[in-house]
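Since the structure comes first, as structure tokens, the remarks are kept for the end.
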Amino acid sequence: MLLVPVFPEDPLPSWNGSGISGGGICGWEGVRCGRRHRRVVALRLHSYGLTGALSPAIGNLTFLRALNLSSNWFHGSIPSSIGRLAHLQRLDLSYNTFNGELPANLSSCASLLILRIRSNHLHGRIPAELGHKLTSLKELSLTNSSFLTGTIPGSIANMSSLLLLDLGTNKLEGSIPAELGSMAGLQGLRLFYNEFSGVLPYSLYNLSLLKRFQVAGNMLTGTIPADIGDRFPAMEILHYSDNWFSGSIPPSISNLSATLTWLLLDVNSFSGYVPPGLGRLQGLTHLCLDVNKLEADDRQGWEFITFLRNCSQIQYLVLGNNSFTGMLPGSIANLSTSLQALYLGGSRISGVIPPNIGNLVGLEILDMGNCFVSGQIPESIGRLENLNELEFYNIGLSGLVPSSLGNLTQLKVLYMSNGNLEGPIPASLGNLKNLYILDLSKNRFNGSIPREVLKLPALSYYLDFSYNSLSGPLPTEVGSLAYLNRLLLSGNQLSGNMPDSIGNCISLERLLLDQNSFEGGIPQSLKNVKGLSLLNLTMNKLSGNIPDALCTIAGLKQLYLDHNNLSGMIPSCLQNLTSLHKLDISFNHLHGDVPKRGVFANATSMLIYGNDELCGGIPQLHLAPCSVPVRTNKRKLSKSLMATLTSISASMLLVLVAFIWLLIHKKLKKKHGSQHIPTTEEQYETISYRALSNGTNGFSEANLLGQGRYGAVYKCSLHDQGTIVAIKVFNIQQSGYTGSFVAECEALRRVRHRSLIKIITCCSSINHQGQEFKALVFEFMPNGSLNSWLHPDIPARTNTLSLVQRLHIAVDIVDALDYLHNYCQPPIIHCDIKPSNILLTVDMGARVGDFGISRILPESVSKTLRNSNSTIGVKGSIGYVAPEYGEGSSVSSQGDVYSLGILLLEMFTRRSPTDDMFSGSLDLHKFSEDALPERIWEIVDPTIWMHTDAHNSTTRSGILHCLVSAIYLGVSCSKKQPRERILIRDAAINMHAIRYSYLKFARSLLVEHGVATTMQ
């Protein structure tokens, strides 16, 4: 057989033995025969999910003219027997996993017109023989083959009929041959994301028929020729991004054909003024000039904005991070209504927002953050009804927020922090039903918090009104924010009682109400907010006792109650909160004994001063001992004997009680055989070696779930408890196993998050051979690891993940990392984020596990690491380790972000970063980045489409939009330079937004079209 189906149900039911005897081969699916000789002339089996090796017998189909096996899972080498197919005109093996070298004898297929072997795992050089013999070839596409190395053979120039030369995303190096300039018929030259260096040959500018000239992502230098505009009359895409080009943008570029749609010159060192003549490029849709050294000021340079109004089809205008200064011209409001994204952030633009900005009714993204813009937000902003994202942060806006902002009903993200806005927060913001981030912090807003805003149904990531002058009570409608993660109201003048309804905010992780004037007691209803990790009520007027309800919030890490009027005793149950590492209850009216365990065991973790009647506690607090005050004895001496006898009787009674308690405790300890985990704080009761051995049938291979560097994981049945768990048994032969055991214990005892693996107990004992035995016991994950779903040993249709499942898993992972980096004190760096360390629950939720090489960074250690290049003990997994670690950089949260980015790309492309196709400059990051945005469907995992109605154009469009966003986020996380990577908190915001947008889209299809499969 030439082909093997990847799924149990045969995708080619017509391919069976009966067809051979019945003479029906020409009727088989994907097969076409000649009319006269009835020999196979075409084999078209693209996108059938086929796998296995391609048999050399393919070379026996000597009448074959077309062979298309693209978008399958073929592996192994490309059979050299294909070189015998003298009549072959079209060969397409794209989007498979073929490896080995490109067969040189393909040059024997002298009739070839189309040769496409995109997105495979080929390596080695491009055979020079292809250029010598395939002189009729019209298309040569080897992009994303990843491992192709060496230079471009000059013989390629012999392909005089070539229309498309596509060699992007490989490891090709050296200079680009000047001989390519002799291929007069060339229409597409795609050499992006290789390692080419030097100056572009001037001969390339002789290719007057070029429509696509793409050389982005190399190390090319030099300038753009002054006469470029007279050389490419048919140009559609001019892509010079991410190189080392310099000099000015030549004015003649405006002479390019009206067919030019994309002009991408970003991330270079272009300087000078932007030519105003760009406005003559009437077909322009994308103009990206960001991250350069372009100039403009009040005297000169802004004219190009005025002339761009002639570009009636422009959609994306990206101008940020340049050397623009001076007033933002009002003519920007006269740009085309087709404009969807306008990026001006990161420049020194001043002036006001044009009053007619509302003319740009097609805008979906408006970013003016980090500029020197001032003045008021124009009323016309309310006309931008398609706006999804509005970023006005870190700019000097003042005055009132116009009520018309409430017209932006599609808005999902609203950043207007750190300005001078004032007046009341408009109640009309309650119309923004799709908003999931609202940040108005650090302004001068006053008045009360609008009840309408607290009813926004999509508000889920955070609501930040901190550091304003808001007053009045916190409305009871705050309880409507059941899905909100963060409520930040610090630094206002809010008063009255904290509403009990705040206990309905069950998803809260951070609640900051400090520096207000709240009074009354702390609501008992906070016990319902189980995921709360930070509670800050500092500097209010709260009174009453500290409620025991706070002790039920198991994940509480930071609790600040200082500078209030709280009274009573410190609840002793607070010492049982094992995750609590920061407590400030200073300057209240507390009295009585200070507990000694938990957070109270470390004098640097708590602040209690300003409570004059506290006593006891650990010696480091230097408090007076708690004792019963002795009353002055004014009784007669005749009664002293009775008092003495009474005292002796009481002492004897206490001794008796203590003795009985010791006996009971000793018996209970003997009954349960309790021991303790060897960490700095004793927390987990251990389980015996015998119980684990029995539960795994002697650690049999049948119960083996997986194996790593430091140990093996087994499925274990605890018969006495009737539960199934997973146990990680550490390999005592492996150097460093003790450190790994301790690191994992230390990390896991500090964390409490729904997306982190939960440790149940541990075992530190001796095995039946008298050797040391260490194991950790975790909750059992019935669906195994993410790796087993992305890369199953035996591919099967049933073992695939839908898009929705991938989105849920991705959200869980980024939330877990956000928690570890930003909400753990001290922070924890995981250091080994990869699919095999992501475990899946019964409902396909994700749990991040394996903290064996994690790093805990207390403040002192963090400072040390930041000031050194030590990487002692830093390990990880090849393909996921951040590049800077290999260069001696210290452990950082951005290292985890890099691993997260690679993981996200792997989740949606199903390509491992260690795949054979990746080597040299081509890696999973570049492979994915190059496909953004128009070729995203070429790289994503084709099994995603199995769960959808891929034939429905609306469905396909919505899915592609989601995938573009997900891949873009993965690329943003996995940038080579740490400073270029997105922050984990922003990655979490984006991932939540991507999932929310897709689920909303999918629900709308269910309602309008009944496309049920999109929600699977």
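In the working numbering, the protein residues as written are 3 to 1018.
All residues carry an ideal CB built from backbone N, CA and C; glycine is no exception.
Quantities reported herein were computed from a predicted structural model and do not represent experimental measurements.
Sub-8 Å separation of residue i and residue j beta-carbons
i: Asn448; j: Pro426; result: yes
i: Gly281; j: Trp304; result: no
i: Tyr438; j: Tyr463; result: yes
i: Leu489; j: Leu465; result: yes
i: Arg446; j: Asn470; result: yes
i: Ile941; j: Thr916; result: no
i: Ala1019; j: Cys975; result: Look at the range of the chain in this structure, 3 to 1018, and you will see that residue 1019 is not part of it.
i: Asn70; j: Arg46; result: yes
i: Val731; j: Ala693; result: no
i: Gly546; j: Gly523; result: yes
i: Val531; j: Ile508; result: yes
i: Gly888; j: Lys173; result: no
i: Asn270; j: Asp292; result: no
i: Ser914; j: Gly972; result: no
i: Leu1019; j: Gly190; result: Beyond the ends of the chain as shown, which are 3 and 1018, falls residue 1019; an answer cannot be given.
i: Lys140; j: Leu164; result: yes
i: Gly285; j: Ala260; result: yes
i: Tyr195; j: Gly170; result: yes
i: Met846; j: His810; result: yes
i: Ile620; j: Ser588; result: no
i: Ile383; j: Leu399; result: no
i: Asn98; j: Met919; result: no
i: Arg849; j: Ile759; result: yes
i: Ser314; j: Ser333; result: no
i: Leu240; j: Phe272; result: no
i: Ser210; j: Phe234; result: yes
i: Leu402; j: Ser430; result: no
Paired residues, beta bridge with residue i - DSSP
i: Thr327; result: Looking at the DSSP assignment, Thr327 forms no beta bridge with any residue, so it has no partner.
i: Met221; result: Ser199
i: Phe215; result: Leu191, Leu240
i: Asp595; result: Cys617
i: Trp75; result: Thr53
i: Ala714; result: Gln709, Val731
i: Arg857; result: Ile831
i: Asp168; result: Ser143, Arg192
i: Ala298; result: Phe326
i: Asn257; result: Looking at the DSSP assignment, Asn257 forms no beta bridge with any residue, so it has no partner.
Cβ separation of residue i and residue j, assumed to be a contact under 8 Å, to the nearest whole Å
i: Leu182; j: Ala159; result: 6 Å
i: Leu510; j: Leu539; result: The Cβ separation is near 13 Å, so there is no contact.
i: Arg997; j: Phe910; result: Not really, about 13 Å apart at Cβ, beyond 8 Å.
i: Val596; j: His583; result: The Cβ separation is near 17 Å, so there is no contact.
i: Pro2; j: Ile555; result: Because residue 2 is not part of the residues shown, which for the chain are 3 to 1018, the question remains open.
i: Ser557; j: Leu537; result: Strictly speaking, residue 557 in this sequence is Gly, with Ser absent from that position. With a Cβ gap of about 11 Å, Gly557 and Leu537 do not count as contacting.
i: Asn436; j: Gln412; result: 6 Å
i: Gly231; j: Leu258; result: 5 Å
i: Val893; j: Ile831; result: 5 Å
i: Leu483; j: Pro501; result: With a Cβ gap of about 12 Å, Leu483 and Pro501 do not count as contacting.
i: Ala82; j: Pro105; result: Reading off the sequence shown, one finds Ser at residue 82, where the question assumed Ala. Right, the Cβ-Cβ distance comes to about 5 Å (below 8 Å), so this counts as a contact.
i: Ser519; j: Leu496; result: 7 Å
i: Leu90; j: Leu124; result: So it is not a contact: roughly 19 Å between Cβ atoms.
Below-8 Å beta-carbon distance, residue i vs any chain C residue
i: Ala130; result: The structure shown has no chain C; it contains just one protein chain.
For the stretch 756-781, which segments carrying the beta strand (DSSP E) assignment without a break, of at least 3 residues, lie completely within its bounds, in sequence order? 761-768, 774-781
Quick one: any contact between the stretch 365-380 and the stretch 390-401, if contact means 3 or more CB pairs under 8 Å? yes
Using 8 Å as the threshold, is the stretch 449-460 in touch with the stretch 971-985, meaning 3 or more CB pairs across them? no
Ranges of the beta strand (DSSP E) found wholly within the stretch 362-425, counting only runs of at least 3: 367-369, 391-393, 398-402, 415-417
Let me know the beta strand (DSSP E) ranges lying completely inside the stretch 432-457, each 3 residues or longer, listed in chain order. 439-441, 446-449
Runs of alpha helix (DSSP H) wholly within the stretch 960-1013 (minimum 4 residues, chain order): 986-1010
Are at least three pairs of beta-carbons, each pair with one atom in the stretch 48-62 and one in the stretch 106-114, less than 8 Å apart? no
Give a yes or no on contact between the stretch 571-584 and the stretch 622-629, applying the rule of three or more CB pairs nearer than 8 Å. no
Indicate whether the contact test is met: 3 or more Cβ pairs, each with one atom in the stretch 368-383 and one in the stretch 345-357, closer than 8 Å. yes
Do the stretch 774-790 and the stretch 759-766 make contact, defined as three or more Cβ pairs closer than 8 Å? yes
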